[in-house]
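Residue numbers (the working numbering): 428 to 1235.
C-beta atoms are modelled at their ideal positions from N, C-alpha and C, and glycine is treated no differently.
Predicted, not measured: the structure shown is a model, and the values here were computed from it.
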Amino acid sequence: MEKTYKPEIVERKWLESWDDSLYYFDAALDKPSYVIDTPPPYPTGDFHVGNALNWCYIDFLARYKRMRGYNVMFPQGWDCHGLPTEVKVEERHGISKRQINKQEFRALCKQLTQENIAQMKGMMQRLGMSIDWSKEFVTMDDRYKRFTQLSFLKMYHNGMIYQAEHPVNWCPRCETAIAFAEVEYEDRDASLNYILFKKVGEEQEVEYVEIATTRPELLASCVAVAVHPDDERYKDIAGRELVVPIFEHTVTVYEDESVDPAFGTGVVMICTFGDRQDVRWWKLHNLPLIASIDERGRMTEVARGYEGLTATECKKRIIEDLNAQGLLKKREPLQQNVGVCWRCKTPIEIISTRQWFVRVMHDEIIKASEAITWYPEHFAIRLKNWVDSMEWDWCISRQRIFSVPIPIWYCKRCGAVKVASEDELPVDPTMTSPKMPCANCGGTEFVGEQDVLDTWMDSSLSALWVAGWDLNAMQPSGKGIEFPVALRPQGHDIIRTWAFYTILRSLALTQKIPWHTILINGMVLGEDGYKMSKSRNNFISPNEVIQEHGADVFRQWAAIGGAVGSDVQFRWKDIVAASKFMQKLWSILRFAMLHLSDYQYEEGSAVNLRVIDKWLLSKLNKLILSVTDAMENYKFDEAMKDIRIFAWNVLADDYIELAKSRLYGRSGDEGKESAKYALYETLQTLSKLLAPFIPFYAEEMYSYIKPGKSVHKEQWPEVKRDMINAEAEMEGDLIADITRAVRRYKSEHGIPLNAPLGKLEIYVEDLDSGDMENATATKVELCKDVSKIENDENTLDVNGTKVRIIKE
RNA sequence: GGGCUCGUGGUCUAGUUGGUUAUGACACCGCCUUCACGAGGCGGAGGUCAUGCGUUCGAAUCGCAUCGAGCCCA
């Protein structure tokens, strides 16, 4: 055996020899199932450190549950559709999606996605993920697309999906509707403009009302003005009419509690639509809709004289014109939070268009969320807060290309909606026509729906997909699978999206919650304590760690970095510490194999265990208890820490030091067998406890102890309760503590640690001191009469036990 | 502006049912090339737990307030 542990060699060896089938979910097995609703990542090609953390958690559980006798399904999917890939493809081929036809464009997207999947898959495999690749799913494949479209049909037919004209968040650059979940907020510098609105009916003397707004370009869309009902300053204008400058149409002044009298002048103009509050007012007061900005972010014909300008250009021109007319009182700078498209950071507009929506059943979702076990518990409140704050239904139509088409046509003659039938799926309604004529008018000419589905419509089905849910039979199609499934692991950043949408769709399609437990992981922060980002230059890729220290080290960091759910900081020194532990484990194994290479282990064979052997085995069985308990509660950090402390402090520092000379047989064969037994028993258990965390090393270790066997096919260790021995632990602790105290004495007195002392007088009834004599290289004499000893510097007190050191 | 989490030696951290000398790691200091390991071993110094008030016989651990940090978001 090499002196240094070489992860690159060991890990490569096992990667090559392990067979994928080791991790297959076997429907024929008569075992309880443990199905994981693994996140299908977006195939960007980059499996980043945050992904890797999450996947480590999943793999710890998958491996642990397998060893606990569960039939584990750890599938892997890919959430392919969406704008980022479209943008990448345009960049890569130097084209615009409008230059080539949809089919060609989709093919290019598919190709890029496949390449990215291959890259990310490689990283998952390199990290030792025990994924069942026979269950891989890809949302852009026909089978999955069919499933998505079928789910659309089911929800359309049961009234959960409808089409309506409604204001939606709109990205003028991407030219598509987006959901709230896709809107981000950024601080921007804006100006607050104080504009004069003329009061109507002031014949003699013209009077004005001053209104502050950040969006003068929306003046054409101004449909009302509002003041707070208690605002004494504006009592006289409530209910009256004002003239909108430049566009000269009149609007009514409403009183509304939501107006903030402290902001600007306390008078607000209501436009269709400047922000979400405008939509609320528009609905509440039944106001007309005047759209002045179109889908490309340009002014419509409503904005007479500014038509065709972009909103930004228009704003500039209107400010100039207001100024020229003396209607601009003043401008002041303002820090503003604007909603931007999560993808391209373009400020969003709120535009009313005809879109498809999914009904949000607030109460049912909250009830379902309460029926799910959240870990950590406190994240449940995030979902609740989100549901409570949702004002509009979920807009699921997108004006994009690389996504699942909405399986709908419109009759050319009467305009009626024609829904695809189940046997037509998957279908692209822009490419094919329905088989049956229009049910309304008998027409046979149709126009296909151009819009496609929000990608969350795909990924929110993942739980149903992995369970093999049959949307017609209303049950899982596969054998041995329960629904709800066992576990949903995911990050807290997508609670409002993926978790929310999955619960919603599961309720709508199955009337059940999707999973029993949701396990939320934190984000990975950079070494500087901030979120990793390109601009901060604090990025780490898992690959860097693996190249230098191996996958096991990365996995150890993931386990020990922090409690599940809390954000963990990446630190190289933790990586180094993990790497040192690998070397320690390797040294332990090397030492053990010096003595165990031809040892024939037989359980329970050693009857004459020495105190220190019993002490070790007692602590080992307690370790099984604590690690098992930690695993059951997703406390991977505690499990890994307990294992480290045991292996390093208990086994290596204390036990091996104490039992060493017996193993070397320095004083004959006495106690040799029992030491071998204890050591073997410990190593075999240790490799099993390590298997979920560091599968490569655990397998290597096991291959020495049990040649030809895989630790990953073994059962999780059972606690041997009769081995837990309080008496042996107390005596063993005393032996270890006295040994430590003697070492300290030698260190303080400048005596080499391996130099013998005269003798040790230990004032105790009884003690198995043989191992201590060897470890301290000093004779031990047990003494009874404590009263006679002098309390000088040569008398040590070890937990109440007096130890006298006789130098010569 | 809201929500969530958190604030323990130089750095990171354990300490979620309040009760003896507050855990460990890294860094630091001293000693040791001892036959598993020098990316090692042995030993040592260093904190009163953000701040304030309160509950209690007793608080890092409970409550309130203030300050600060991070994350997610409006």
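Query: Expressed to the nearest angstrom, what Euclidean distance is found between the alpha-carbon atoms of residue 523 and residue 514?; Result: 9 Å
Query: Spell out a yes or no on whether the stretch 1014-1026 and the stretch 981-995 are touching, meaning 3 or more CB-CB pairs, one atom from each, closer than 8 Å.; Result: no
Query: Under 8 Å, with one C-beta from each stretch per pair, do the stretch 838-848 and the stretch 574-585 reach the 3-pair mark?; Result: yes
Query: Run through DSSP, which three-state label would residue 1020 get?; Result: helix
Query: Starting from residue 801, follow the beta strand (DSSP E) in both directions and report where the run begins and ends.; Result: 800-802
Query: Between the stretch 639-657 and the stretch 778-798, do three or more beta carbon pairs fall short of 8 Å?; Result: no
Query: Alpha carbon to alpha carbon, what distance is there between residue 790 and residue 815?; Result: 9 Å
Query: Over the uninterrupted alpha helix (DSSP H) stretch that includes residue 573, give me the two end residues.; Result: 569-584
Query: With hydrogens ignored, establish whether the beta-carbon of residue 1206 is closer than 7 Å to any heavy atom of the ligand ZN.; Result: This structure does not include the ligand ZN; it has no bound ligands of any sort.
Query: Check this for me: beta carbons of residue 485 and residue 512, under 8 Å apart or not?; Result: no
Query: Quick check on the DSSP output: the beta strand (DSSP E) that includes residue 1231 runs from which residue to which?; Result: 1228-1233
Query: Below 8 Å on the Cβ atoms is my contact criterion, and I expect residue 942 with residue 985 to pass it. Report the Cβ-Cβ distance as a whole number of Å.; Result: Residue 942 to residue 985, Cβ: 22 Å. No contact.
Query: If I measure Cβ to Cβ from residue 1110 and keep anything under 6 Å in the same chain, skipping five residues before and after, which residues do I get?; Result: 1019 and 1132
Query: Are residue 1147 and residue 1221 close, meaning C-beta to C-beta below 8 Å?; Result: no
Query: In the DSSP assignment, find the unbroken beta strand (DSSP E) run with residue 702 in it and report its ends.; Result: Where residue 702 is concerned, there is no enclosing beta strand (DSSP E), given that its DSSP letter is neither H nor E.
Query: Mapping the DSSP letters down to three states, classify residue 771 as helix, strand or coil.; Result: coil
Query: Which residue wins for smallest C-alpha separation from residue 820, given the options 591, 618, 889 and 521?; Result: 591
Query: Quick one: what does DSSP say residue 764 is sitting in, helix, strand or coil?; Result: strand
Query: Provide the residue span of the alpha helix (DSSP H) that contains residue 530, from first to last.; Result: 529-553
Query: Taking DSSP's pairing of strands, which residues face residue 779 in a bridge?; Result: 594
Query: What three-state label does DSSP hand residue 1158 in the structure shown?; Result: helix
Query: Residue ranges of each alpha helix (DSSP H) run of no fewer than 4 residues wholly in the stretch 855-931, ordered along the chain?; Result: 883-886 and 889-893
Query: Please classify residue 609 as buried or exposed, where buried requires at least 16 other C-beta atoms within 10 Å of its C-beta.; Result: buried
Query: Identify which residue in 785, 575 and 468 has its Cα closest to the Cα of residue 545.; Result: 468
Query: Should residue 926 go down as buried or exposed, given a rule of 16 or more other Cβ atoms within 10 Å for buried?; Result: buried
Query: What residue ranges within the stretch 450-479 form continuous alpha helix (DSSP H) runs of no fewer than 4 residues, ordered along the chain?; Result: none
Query: For residue 910 and residue 1106, what's the separation of their Cα atoms in angstroms?; Result: 44 Å
Query: Let me confirm a value: residue 749 is counted as buried when at least 16 other C-beta atoms fall within 10 Å, else exposed. Which label applies?; Result: buried
Query: My output table needs one value for residue 1004: the three-state DSSP class, helix, strand or coil.; Result: helix
Query: With the cut-off set at 8 Å, would you say residue 1230 and residue 1168 are in Cβ contact?; Result: yes
Query: Let's see if you can read the secondary structure: which residues bound the alpha helix (DSSP H) around residue 1206?; Result: Looking at the DSSP string, residue 1206 is not in any alpha helix (DSSP H), and its letter there is neither H nor E.
Query: Between which residues of its own chain and residue 1011 is the CB-CB distance below 8 Å, once the five residues before and five after are set aside?; Result: 1074, 1075 and 1079
Query: Is there contact here, the stretch 554-568 with the stretch 496-513, by at least three beta-carbon pairs under 8 Å?; Result: yes
Query: Taking only three categories from DSSP, how would you classify residue 641?; Result: coil
Query: Classify residue 1158: buried if its beta carbon has 16 or more other beta carbons within 10 angstroms, exposed otherwise.; Result: buried
Query: Report buried or exposed for residue 957, applying the criterion of at least 16 other Cβ atoms within 10 angstroms of its Cβ.; Result: exposed
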